[in-house]
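Here's the structure, in structure tokens; my notes come after.
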Amino acid sequence: MVPTTDCCELSVLDLVPFGLADPVHRFFALRLSPPNWPDWKPGQFLMLRPKSFGQEFPWGRPLGICLIRPQHLICFFQVAGRGTELMAKLRPHDPVQVWGPLGNGFAVEPDTPTLLLAGGMGIVPFIGYVAQHPKAWNVSMLFGHREPLECYPVDSINEHIPVDTLRETVPGDLDNFIFTLQERIKEYASQNGLILACGPLPFLKTVQSFAREYHARVQLSLENKMACGVGACLGCVVRTTDAWPDPAHRNAPVQCCTQGPVFWANQIELA
Amino acid sequence: MYHPDNVGGGAAWLAEHKVKHNELAVTLTGPKHSLCLKNPVMTASGTFGYGMEFARFGNLASLGGIIVKGISLKPRHGNPCPRIAETPCGMLNSIGLQNDGLEAFRDHKLPQLPWKDVPIVVNMYATSAEEFGELAAELNAMEGVAALEVNISCPNVKEGGSIFGADPAQAARVTRAVRDNAPAKPVIVKLSPNVTSIAEIAHSVEDAGADMISCINTLIGMSVDLRSRKPRLANIIGGLSGPCIKPVALRCVWQVANAVNIPVIGIGGICSAEDVLEFLLVGASAVQIGTATFMRPDAAFHIVEELPKAMEKYGIRHLDDIRGMLALG
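Protein chains in written order, with our numbering: chain A, 1 to 271; chain B, 272 to 600.
This is the structure in structure tokens:
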């Protein structure tokens, strides 16, 4: 039976180590039985808490939703601590508590030239984005990564849109990537395009600084630490700027989980 | 079924449902005001937002009560991040009472809540007894507010907070200020476990006119990261909550319930219907679900549903049969 609520118990279909990831940065693709979330939007996330967390790990873990299809839900995670270490031991049929879809999702402007900027595992939400985009020929991607390309689910994207990839192996590569970012952001800003970015914090900061410099329309997807994912714990807050639409919350903390995780780059301060 | 001999037909079901309802209902009778709840399961302040955040996960009206995020006269931005950290069987927070302030609550949050169907309790915070009085007077005028919970136990603020909660005289002064300025509402005082004698503070607020006591607020804790050699909270220390504090909470509720004649609302690591019954057994009249809501957002709704089953399992026909009935010796 398909669960009908926003908080439901799903079961693991399978957990696959992704690509040739080294043991330090272990990536996994997690497939779950599908929840009944017909209004899901790319860029939204879910909270996942395996039953095996017991009482020892009280929090769920926020995971970007990659895709929801009638047969499954797909998300990805990287082992980063003891909780995700336990998640890496999930087996088919294991029960997991899941709540979502959470947050706001990315802007979709079908006729606007759209540039996706992904850093590392920040590529994940864009898989659903390009799959659902009504005019994918208006979308292109720049992907920066450290591990070999096989470690990332990039094939699910480049079957829809052109992807430029840049790998950082030696220090000069990063400068090259930053230069390319700058050029692409400048280019899209000049045609009033839409730019969406997802990746680690230093990457987002770089994107934000170019967004400011060229007055580009840029959305950033944040990955703040969260306990509840639904706006209650106030642990994931991000500080807004003068440009925040609601005057009562300008220059004030707002929840990343409910007001984001996708923010316009000019409306927030990155820590 | 709950009454196996009473099955079949809509009328029988309704009758059974009504019986069930009565068996779960609790009345908290204070010296001045009472609070009637359809069941003893409320949500703890700071873990349930302003309530509407959770409407998608269950029927708010099925809860015994909703205690909203602590409110101050003016909006507060709270402490710097990081301000939450996961710890074994619990968590630390140093939010610092970030809230939208009284006006935003009155004009935007409260009108959305189903306050006619479920008691809305406002947790309140101020930095002086005078300010507590001012806030109480404002809340006293709001029809949708069923009761006030006075926060004299927040460990994360420099002024007020647990400074009031750690001193019997100050605790009494704040309680009196709220009592005098909110004559129409039941006054609940929320106590801190970070004191030498919680019974002494409880006595003091009872004498000052509290209708009920809720306990416990968080314990003061700390967590560090060996790799970065930094504390995990920007505030360095914060409030510990979750299943790990349940034994401390049970002890406090038991001590307070034995020390005072007003109802006690138990808080601290409650994750299941069985946990609820344990708190009633040591003397609580009702409970609040806190960190369990972060373990799954429908925790409180789930516990309400499970409560009749747990009662049946332990042969409890009515909650009154177990309250304070701890078998000793």
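Note that CB positions come from ideal geometry on N, CA and C, so glycine has one too.
- Residue-level contact check: A:Q191 does not touch chain B, since none of the beta carbons of chain B fall below 7 Å from its beta carbon.
- A:C7 and B:D546 have their alpha carbons spaced roughly 22 Å apart.
- Here the alpha carbon of A:P113 sits roughly 15 Å from the alpha carbon of A:F126.
- Looking at A:G81, A:V262 and A:L115, the one whose alpha-carbon comes closest to that of A:L220 is A:V262.
- When the alpha-carbon of A:E56 is set against those of A:R82, A:M47, A:L174 and A:S11, the nearest one is in A:R82.
- Counting only residues of its own chain and dropping the five nearest sequence neighbours on each side, A:A265 has a CB closer than 6 Å to the CB of Q208, A211, V218 and L220.
- Judged by DSSP in its simplified three-state form, A:N138 adopts helix.
- Between B:L308 and B:G329, the gap from beta carbon to beta carbon reaches 7 Å or more.
- Excluding residues up to 5 positions away in sequence, K345 and P346 lie with their Cβ nearer than 6 Å to the Cβ of B:G372 in the same chain.
- Distance between A:P202 and A:L13, taken at the CA atoms: about 34 Å.
- Judged by DSSP in its simplified three-state form, B:K580 adopts helix.
- For B:K340, the enclosing beta strand (DSSP E) starts and ends at G336 to I342.
- A:M87 and A:P50 have their C-alpha atoms some 7 Å from each other.
- The DSSP-derived three-state label of B:A453 is coil.
- Among the residues of chain A, those whose CB is under 7 Å from the CB of B:F565 are P58, W59, A227, C228 and C233, following chain order.
- Every unbroken stretch of the alpha helix (DSSP H) spanning 4 or more residues and falling wholly within the segment 25-112 of chain A is given here in chain order: 82-87.
- Chain A has no Cβ within less than 7 Å of the Cβ of B:T300.
- In this structure, B:M362 is the residue among B:M362, B:P351, B:M313 and B:C352 with its C-alpha nearest to the C-alpha of B:I491.
- Burial state of A:Y152 is buried, judged by a 10 Å Cβ sphere holding 16 or more other Cβ atoms.
- Within chain B, the residues placing a beta-carbon under 7 Å from that of A:P253 are H348, G349 and Q369, ordered along the chain.
- From the beta-carbon of B:P426, no residue of chain A is found nearer than 8 Å; the closest lies around 15 Å away.
- Per DSSP, the continuous alpha helix (DSSP H) segment holding B:M566 begins and ends at A563 to M566.
- When Cβ-Cβ separations below 7 Å define contact, A:C7 makes contact with chain B.
- In its own chain, leaving out the 5 sequence neighbours on each side, no residue places its CB closer than 6 Å to the CB of A:F53.
- B:E545: member of the alpha helix (DSSP H) spanning A544 to L552, first to last residue.
- For A:I185, the three-state secondary structure derived from DSSP is helix.
- Close partners of B:E401 in chain A (Cβ separation under 8 Å) are lacking, with about 26 Å as the shortest Cβ gap.
- Taking 8 Å as the cut-off between beta carbons, the residues of the segment 536-562 of chain B near chain A are C542 and T562, in sequence order.
- Any Cβ of chain B closer than 7 Å to the Cβ of A:Q44 would place that residue at the interface, and such an atom is absent.
- At least one CB of chain A lies nearer than 7 Å to the CB of B:T318.
- If you ignore the 5 residues before and after B:L306, its C-beta comes within less than 6 Å of the C-beta of L299, A418 and P457, all in its own chain and listed in chain order.
- Around B:A375, the beta-carbon contacts reaching into chain A at under 9 Å are A248.
- Each of B:S343, B:N364 and B:A296 was checked against the Cα of B:M493, and the nearest Cα belongs to B:N364.
- Rounded to whole angstroms, the gap between the alpha carbons of B:E374 and A:V124 is 41 Å.
- Close CB contacts of B:I487 within its chain, under the 8 Å cut and outside five residues either way in sequence, are with S424, L462, S463, P464, I469, I516, V519, A520, C523, V524, I538 and G539 (chain order).
- Neighbours of A:Q208 in chain B, taken as residues whose beta carbon is under 8 Å from its own, are absent, since the nearest beta carbon is some 17 Å off.
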